[in-house]
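K.L.:
A single structure is presented below for examination.
Dropping the structure here:
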């Protein structure tokens with residue numbers, strides 16, 4: 002990417018996360034409201050947004066719909082976040098549109114955040130590309146998330162958990178309402194007279210009841226799809242089956258020509274990178290399993306998948322985590338499935354130091370097999386120590402570390418071919 006755009010985008014990091022729509026609305030208006038030039042499906046929730054969005058966009062594409070996909074964070078490059086029919090935005094367009102947002106912000110005397118800039122860049126790019134629909138993964142919330150300025154016909158709610166409680170609320174009930182608030186006010190009704198539809202997943206019965214009350218009070222309705230038992234995915238884990246079930250229902254509601262057989266076939270080849278992803282070599286051998294589990298909730302789902310797909314097996318585990326995560330609980334949950342711990346960290350400033358990780362393991366009576374700064378060479382050393390094992394190496398603990406792994410291995414595995422040719426770029430501090 003040309004440095005001007007990247008420098009401006011990184012300068013936005015100092016503003017952190019600033020919930021609210023005023024800046025985004027003002028800039029969209031200044032730029033001709035590009036978000037109104039295509040249809041939108043919003044995906045909100047605590048966990049599972051990215052995979053649900055990715056599965057849904059694939060199903061829509063398979064039905065001949067020109068589809069934009071907006072996700073965050075990225076693993077390797079900012080370009081991943083903004084895609085049209087699975088092709089990432091090119092460096093030149095990304096730089097040009099960032100600078101277009103910068104000019105509009107200066108003229109309007111607005112100081113947008115990192116996420117706001119990229120969201121508006123996505124809107125501009127999708128409008129230029131004349132897409133039919135954008136699948137937008139919300140950032141932190143819903144009601145005050147910058148993606149909410151796009152008027153989504155469908156809203157997919159993947160799950161609710163306690164996160165960002167200082168902004169979203171201290172209870173699951175409060176967070177539910179913030180997420181569902183992406184639908185807008187009671188007056189926000191589609192032009193054809195129908196209220197918006199929520200597709201709900203991963204909620205307790207009590208939260209489903211609350212969601213129905215909230216939706217009705219805003220002129221909307223809710224659909225709770227059954228978890229499918231006929232979905233096959235490259236990503237391992239029941240939670241991905243659940244997310245794919247949501248995407249199937251959303252596609253069925255959106256499309257006039259929904260073909261279930263085509264949708265299921267599409268899902269069978271659609272691997273969401275870095276999330277319970279198998280890296281298979283040219284001989285058909287699974288060498289690594291990558292999973293970005295970075296909190297206790299996600300690790301529980303990881304452990305469920307290991308129980309199902311690798312029963313009675315123990316892994317060499319490459320593990321690194323950020324300082325603000327409950328590492329002790331994560332390690333405790335994973336311990337029964339790990340034979341050798343290989344601890345690491347990337348240069349990303351929020352990573353825990355190796356000494357800290359070692360102390361956490363020792364508190365649990367767990368032995369550290371090796372420790373080292375993350376690199377391709379370190380991965381090769383671990384692989385050499387494992388030898389020709391039938392059990393792949395597990396790499397987990399942080400999406401940032403998964404991103405570094407993808408960058409290191411992208412030329413070796415076809416499952417990572419999407420990332421070839423991408424230059425690594427920073428993530429916002431989230």
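In this note's numbering, the protein residues as written are 2 to 431. Even for Gly, the Cβ is constructed at its ideal location relative to N, Cα and C. Computed from a prediction, not measured in an experiment: that's the story for all the values here.
Applying the criterion that 16 or more other CB atoms from any shown protein chain within 10 Å of the CB defines a buried residue, is residue 214 buried or exposed?
P.N.:
Under this definition residue 214 is an exposed residue.
K.L.:
Could you have a look at residue 112 and say whether DSSP puts it in helix, strand or coil?
P.N.:
In this structure, residue 112 counts as coil in the three-state DSSP scheme.
K.L.:
Can you tell me where the beta strand (DSSP E) holding residue 138 begins and where it ends?
P.N.:
Where residue 138 is concerned, the enclosing beta strand (DSSP E) stretches over 134–138.
K.L.:
Does the pairing of the region 337–346 with the region 363–376 give three or more beta-carbon distances under 8 Å?
P.N.:
In short, these stretches touch, since the Cβ pair count reaches three.
K.L.:
Please classify residue 166: is it buried, with 16 or more other beta-carbons within 10 angstroms of its beta-carbon, or exposed?
P.N.:
Residue confidence is low: residue 166 scores 47 on pLDDT, short of 50, so the model does not pin down where it sits. No coordinate-derived value is stated.
K.L.:
What is the DSSP secondary structure of residue 317, reduced to helix, strand or coil?
P.N.:
Reduced to three states, the DSSP call for residue 317 is strand.
K.L.:
Where does residue 72 fall in DSSP's three states?
P.N.:
Coil, per DSSP.
K.L.:
What do you get for residue 323, buried or exposed, if any count of 16 or more other CB atoms within 10 angstroms of its CB means buried?
P.N.:
Buried, since its Cβ has 16 or more Cβ neighbours within 10 Å.
K.L.:
Give the DSSP bridge partners of residue 339, in chain order.
P.N.:
Per DSSP, 316.
K.L.:
Pairing CB atoms from the region 275–284 with CB atoms from the region 247–267, are three or more of them under 8 Å?
P.N.:
Judged by Cβ distances under 8 Å, the region 275–284 makes no contact with the region 247–267, as fewer than three pairs qualify.
K.L.:
If residue 45 and residue 119 are in contact, beta carbons under 8 Å, what's the gap, nearest whole angstrom?
P.N.:
Rounded, the Cβ-Cβ distance is 17 Å, inconsistent with contact.
K.L.:
Would you mind reading off the limits of the beta strand (DSSP E) that contains residue 41?
P.N.:
Residue 41 -> beta strand (DSSP E) spans 40–45.
K.L.:
In this structure, how does DSSP classify residue 186 when only helix, strand and coil are distinguished?
P.N.:
Note that residue 186 has pLDDT 45, beneath the 50 cutoff, so the model's placement of it is unreliable and the number below is only indicative. The answer is coil: DSSP assigns residue 186 none of H, G, I, E or B.
K.L.:
Do residue 124 and residue 62 come within 7 Å of each other at the CB atom, strictly closer than that value?
P.N.:
Not closer than 7 Å, so no.
K.L.:
Take residue 75 and list the residues in its own chain whose beta-carbon comes closer than 6 Å to its own, dropping the five residues that flank it on each side.
P.N.:
Excluding sequence neighbours, residue 75 sits near 81 and 82.
K.L.:
Quick one: is residue 188 buried, meaning 16 or more other Cβ sit within 10 Å of its Cβ, or exposed?
P.N.:
Model confidence at residue 188 stands at a pLDDT of 40, short of 50, so the residue's coordinates are unreliable and nothing is read from them.
K.L.:
May I have the straight-line CA-CA distance separating residue 10 from residue 99, to the nearest angstrom?
P.N.:
The alpha-carbon atoms of residue 10 and residue 99 are separated by roughly 7 Å.
K.L.:
Determine the extent of the beta strand (DSSP E) in which residue 156 is found, giving its start and end residues.
P.N.:
155–158 is the span of the beta strand (DSSP E), which, as asked, contains residue 156.
K.L.:
What's the gap between the Cα of residue 266 and the Cα of residue 70?
P.N.:
If I take the Cα positions, the gap works out to 20 Å.
K.L.:
Assuming the contact rule is C-beta atoms closer than 8 Å, residue 247 and residue 200 should be a hit. Round their C-beta distance to whole Å, please.
P.N.:
The pair is a contact, with the Cβ atoms about 6 Å apart (cut-off 8 Å).
K.L.:
If you draw a straight line from the alpha carbon of residue 177 to that of residue 135, how long is it in whole angstroms?
P.N.:
If you take the alpha carbons of residue 177 and residue 135, they lie about 23 Å apart.
K.L.:
Three or more C-beta pairs under 8 Å: does that hold for the region 21–35 against the region 110–119?
P.N.:
Flag = yes, the region 21–35 and the region 110–119 touch.
K.L.:
Figure out for me which residue from 90, 85, 274 and 32 has the closest Cα to the Cα of residue 415.
P.N.:
Nearest C-alpha to residue 415: 274.
K.L.:
Alpha carbon to alpha carbon, how far is residue 79 from residue 312?
P.N.:
Whole-angstrom Cα-Cα distance: 37 Å.
K.L.:
Taking Cβ positions, are residue 156 and residue 67 nearer each other than 7 Å?
P.N.:
Contact flag unset, no.
K.L.:
Since I believe residue 396 is in contact with residue 291 (beta carbons under 8 Å), could you give me their beta-carbon distance rounded to a whole number of angstroms?
P.N.:
That belief holds up - the Cβ atoms of residue 291 and residue 396 are roughly 5 Å apart, short of 8 Å.
K.L.:
Using beta-carbon positions only, say whether residue 238 and residue 400 come within less than 7 Å of one another.
P.N.:
No, the Cβ-Cβ distance between residue 238 and residue 400 is not below 7 Å.
K.L.:
Using the C-alpha atoms, what's the distance from residue 218 back to residue 428?
P.N.:
Near 38 Å, if we compare the C-alpha coordinates of residue 218 and residue 428.
K.L.:
Taking residue 229 as the reference, give the member of 202, 212 and 209 with the closest Cα.
P.N.:
Of the listed residues, the one whose Cα sits closest to residue 229 is 202.
K.L.:
Taking the C-alpha atoms as reference points, what is the distance between residue 224 and residue 252?
P.N.:
Taking the straight line joining both Cα atoms gives about 13 Å.
K.L.:
At which residues does the alpha helix (DSSP H) containing residue 222 begin and terminate?
P.N.:
Premise fails: residue 222 lies in the beta strand (DSSP E), 222–224, not in any alpha helix (DSSP H).
K.L.:
Going by alpha carbons, who is nearest to residue 426 out of 411, 413, 418 and 404?
P.N.:
Checking every option, the nearest Cα to that of residue 426 belongs to 404.
K.L.:
State the start and end residues of the unbroken beta strand (DSSP E) segment that holds residue 85.
P.N.:
Start and end: 83–85.
K.L.:
Does the Cβ of residue 122 have 16 or more other Cβ atoms within 10 Å, making it buried, or fewer, making it exposed?
P.N.:
The residue in question, residue 122, is buried, as its Cβ has 16 or more Cβ neighbours within 10 Å.
K.L.:
From the DSSP output, in three-state form, read off residue 80 for me.
P.N.:
If DSSP states are grouped into helix, strand and coil, residue 80 belongs with the helices.
K.L.:
DSSP three-state label for residue 425, please.
P.N.:
Coil at residue 425, not helix or strand.
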